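Each remark here refers to the structure printed beneath this line.
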Amino acid sequence: MQIYDYLLSIAAVKRFQGSYGATLVAQGAFSVYDTAMVRQSGGWKDVLGEDIVLTYTLLSGGGLSTYESGAVGYTHVPETLNALYNQRKRWAIGMMEGLSEVPPWKQSGKYPRHFVLVNLSVIYLDVAFLLGMIPALVLALFGYYYLAGILTLLSLAVSALLFFTMYKYQKNLKIPFRNSLFGFVCFLLFFQAIQSAAAVHGYLIHLFHRRGEWK
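Residue numbering for the sequence shown is 1 to 215, as defined by the UniProt record's numbering.
Structure (structure tokens):
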């Protein structure tokens, strides 16, 4: 599932943001920084989302953050469902830390400001998917179409088209990756539910000022 999340979601978002010099997260696992700017910004903070907070800070200081589609780097990824859940929970906490440290109105450029504002909408989308979309689909399976209907099917068709175009783009880069029909089906059916549940959990941890754990 994670392969398709990186190929079809994360990489596409980063390419789009990077085309405006405002990639919101320069991952600590595989990024190149301007040393002088990092020192000027105070470096990495002791938080779960240290790379997110640093990127937000660099952007607020007038820096640029781009994404190179052809660069390849391999890192350790979660190997269990529990580890994946905890990773996405940490990422959600990190996003909240970034928004708390540098809110949208403190971003100096219009593109970073816009993308950070869009990040705020992600909170609503995760909650809406968890509390709206999932119950709607469950009810629809039992013949109750109160929340899911023709627009739901249309949105799924549009999503499939977007995934296809992003997949073709990645194939054209000629970067080898492992295909799995089972993994792709699981990604389509279950991944967003896992992502949204973990993210909402992370938002609540940050909201109630509890300290997240790196595990």
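Ideal Cβ positions, reconstructed from N, Cα and C, are used throughout, including at glycine.
Just so you know, these numbers come straight off a predicted model, no measurement behind them.
Taking DSSP as the reference, what is the three-state secondary structure of residue i?
i, result
"S41", "helix"
"R122", "The question names Arg, but residue 122 in the sequence shown is Val. Residue state, collapsed to three classes: helix."
"Y85", "helix"
"K14", "helix"
"I3", "helix"
"E79", "coil"
"S180", "coil"
"L54", "helix"
"Q27", "coil"
"G70", "coil"
If residue i sits next to residue j, beta carbons under 8 angstroms apart, how far is it from one beta carbon to the other, in whole angstroms?
i, j, result
"L84", "I194", "7 angstroms"
"A198", "R88", "4 angstroms"
"T66", "G109", "With a Cβ gap of about 13 angstroms, T66 and G109 do not count as contacting."
"L48", "I10", "Their Cβ separation, rounded to whole angstroms, is 18 angstroms, which puts L48 and I10 out of contact at 8 angstroms."
"K106", "S41", "No, K106 and S41 are not in contact; Cβ-Cβ is about 13 angstroms, not under 8 angstroms."
"L153", "P135", "Their Cβ separation, rounded to whole angstroms, is 17 angstroms, which puts L153 and P135 out of contact at 8 angstroms."
Per DSSP, what are the beta-bridge partners of residue i in this structure?
i, result
"S65", "A22"
From residue i to residue j, what distance separates their C-alpha atoms?
i, j, result
"V200", "W91", "11 angstroms"
"K168", "H209", "42 angstroms"
"T55", "L24", "6 angstroms"
"F184", "L156", "15 angstroms"
"L151", "M133", "12 angstroms"
"L130", "L137", "11 angstroms"
"A71", "F142", "46 angstroms"
"R15", "S69", "7 angstroms"
"F187", "Y4", "7 angstroms"
"D46", "L139", "44 angstroms"
"V118", "A12", "15 angstroms"
Let me check understanding here. Comparing Cα to Cα, which of the options lies closest to residue i?
i, options, result
"G73", "F177, F208, L204 and I205", "F177"
"H76", "Q2, R15, Q192 and L189", "Q2"
"T35", "G149, A12, G63 and S19", "G63"
"A26", "P104, L204 and V53", "V53"
"S121", "L8, S196 and L7", "S196"
"V127", "L204, S100 and G18", "L204"
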